[in-house]
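Colleague: What follows is a structure written as structure tokens; I'll ask about it next.
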Amino acid sequence: MIVVFYYTQSGQALDVAKRICQPLAEAGTEVVWRPIIPQQTYPFPWNKYEFFDSFPETRLGMPPSGIQPLDFSGIEKAELVMIVGQSWFLSPSLPLQSFFENEQVKAYLEGKKVVFVNACRNMWLMTGRAVKAYLHEIKACQVGHIVLQDTAPNLISALTIVRWLLYGKKQSSWLLPAAGVRKADIEDASRFGDIIKIAIEKNDFQHLQPQLLAAGAIDYKPSILLLEKTGHRMFGHWAHFIRKRGGFRDPCRRTRVNLFFYYLLVVLFVVSPFAQLFFYLTYPLHCVGKHKREDCYIESNN
Ligand SMILES: Cc1cc2nc3c(=O)[nH]c(=O)nc-3n(C[C@H](O)[C@H](O)[C@H](O)COP(=O)(O)O)c2cc1C
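If you use the numbering used here, the sequence shown corresponds to residues 85 to 386, in order.
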């Protein structure tokens, strides 16, 4: 049996999970689906202010609510747990954070073998690290990490995702491609299910991540490394700065949230192309190989 806990707004993360699980289901493995439903709901498409107002708590790991009770009956003996979600502001999405902080979830996941699947734009490094840390603390055994991302260039995907998340327009137009993970990449995700199926059959999870990586489970883009690391640090300062004026949805912090929006615009469209150029000019200094090993491979928790 494999249990899939998932959160999705548009359905993208669920589509990915369904494709991954398809070979397992076809081979007769029972797949149990458990949606993660946060008590604090988030709109989709987003209203621009609420989108940016969700930033400080996301970055600081302070979800404003828990999740609705999950049904754990009949799933105690699961051979594998899959947790499926997305990055928000270089961190696990708020519903994922609420999930990991839930006491029943912690008790359930202890000792379980877990694969984390992230369906995001292209900035997943810090999310992967945060999820790894959550699972380590819970004493779950992470055996896999799969990232499906938008393959369009960084600035293009920034434009298309804004159009999608804020205005609900996912499809391509004459200027821009469709937003999100490409359909073909979602379809092809079933190959990861084939690999997971064999791992379950052989009860060998030690080699799962190297095999998933060999099948392209993570497309590691070194140039994003510097952007994400720097962005994550700067986001931390901004999040504290905004929260000094008030907590989640407090109107007193409106000016600071709006300032953050303008900061993000400048960073994305003005600073990031130069930062990428700088990265390549100073490539040897960034220990890319070491980071790649840390972010793509998994050390056993056992
Ligand atoms: C508030 C918010 C912040 C986001 N920040 C990031 C991010 O930092 N990195 C990234 O790769 N994608 C980011 N995304 C895109 C999501 O990871 C995801 O791809 C998209 O929201 C669709 O997911 P869904 O399955 O919930 O519909 C963000 C989305 C939202 C709503």
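The beta-carbon is built from N, C-alpha and C at its ideal position, and this holds for glycine as well.
Roughly how many angstroms separate the alpha carbons of Gly-264 and His-375, rounded to a whole number?
Modeller: 25 Å
Colleague: Just the Cα atoms here: how many angstroms apart are Trp-172 and Leu-296?
Modeller: Each residue's alpha carbon lies about 24 Å from the other.
Colleague: What does DSSP give as the partner residues of Ala-203 in its beta bridges?
Modeller: According to DSSP, Ala-203 shares a beta bridge with Leu-232.
Colleague: So is the beta-carbon of Leu-388 under 6 Å away from any non-hydrogen atom of ligand 1?
Modeller: Examination of residue 388 is not possible in this model, given that the chain is present from 85 through 386 alone.
Colleague: Any chance you could list the alpha helix (DSSP H) runs of at least 4 consecutive residues sitting entirely within the stretch 244 to 321, in chain order?
Modeller: 267 to 272, 274 to 286 and 292 to 298
Colleague: Do the CB positions of Phe-289 and Ala-283 come within less than 7 Å of each other?
Modeller: Closer than 7 Å, so yes.
Colleague: Identify whether Asn-386 lies in helix, strand or coil by the three-state DSSP scheme.
Modeller: In this prediction, Asn-386 scores a pLDDT of 40, lower than 50, which makes its location untrustworthy; no coordinate-derived value is stated.
Colleague: Just the Cα atoms here: how many angstroms apart are Asn-385 and Cys-225?
Modeller: Low per-residue confidence applies at Asn-385: pLDDT is 44, beneath 50, and the placement is therefore not dependable enough to give any value.
Colleague: By a C-beta neighbour count over all protein chains shown, 10 Å radius and 16 as the cutoff for buried, is Asn-131 buried or exposed?
Modeller: exposed
Colleague: Nearest to Leu-174 by CA position, among Leu-309, Leu-343 and Val-350, is which residue?
Modeller: Leu-309
Colleague: Is any heavy atom in ligand 1 found nearer than 6 Å to the beta carbon of Asn-238?
Modeller: no
Colleague: Taking the beta strand (DSSP E) that Gly-169 falls in, what are its first and last residues?
Modeller: 164 to 169
Colleague: What residues match up with Phe-89 in a beta bridge as DSSP calls it?
Modeller: Arg-118 and Ile-167
Colleague: Which parts of the stretch 175 to 225 are runs of the beta strand (DSSP E), unbroken and 3 residues or longer, counting only runs that do not cross its ends?
Modeller: 197 to 204
Colleague: Just checking Arg-205 against ligand 1 - is the residue's beta carbon closer than 6 Å to any of the ligand's heavy atoms?
Modeller: Taking non-hydrogen atoms of ligand 1 into account, the C-beta of Arg-205 is found less than 6 Å away from one of them.
Colleague: When DSSP labels each residue in this structure, what does Ile-159 get in the three-state scheme?
Modeller: coil
Colleague: Would you please state the rounded distance, in angstroms, between the beta carbons of Ile-302 and His-220? I believe it to be under 8 Å.
Modeller: Contact flag wrong, Cβ pair sits at about 19 Å.
Colleague: For the alpha helix (DSSP H) containing Glu-328, name the first residue and the last one.
Modeller: Going by the sequence as given, residue 328 is Lys instead of Glu. It is not in any alpha helix (DSSP H) - Lys-328 carries neither H nor E in the DSSP assignment.
Colleague: Determine the burial state of Val-215: buried for a count of at least 16 other Cβ atoms within 10 Å of its Cβ, exposed for fewer.
Modeller: buried
Colleague: Please report the straight-line C-alpha distance between Trp-117 and Asn-186, rounded to a whole angstrom.
Modeller: Answer to the nearest angstrom: the Cα atoms are 18 Å apart.
Colleague: Mind checking whether the beta-carbon of Thr-235 lies closer than 6 Å to any heavy atom of ligand 1?
Modeller: Flag unset: Cβ of Thr-235 not near ligand 1.
Colleague: Mind checking which residues open and close the alpha helix (DSSP H) that includes Ile-104?
Modeller: 96 to 110
Colleague: When the Cα atoms are used, what is the spatial distance from Trp-208 to Glu-160?
Modeller: 30 Å
Colleague: Can you tell me the Cβ-Cβ gap for Ile-120 and Phe-183, rounded? I've got them flagged as a contact below 8 Å.
Modeller: Distance from Ile-120 to Phe-183 at the Cβ level is roughly 5 Å; contact confirmed, criterion being Cβ atoms closer than 8 Å.
Colleague: Just the Cα atoms here: how many angstroms apart are Gly-145 and Glu-378?
Modeller: 22 Å
Colleague: Is it the case that the CB of Trp-117 approaches a heavy atom of ligand 1 more closely than 6 Å?
Modeller: no
Colleague: Locate the alpha helix (DSSP H) running through His-375, then write down its first and last residues.
Modeller: 372 to 380
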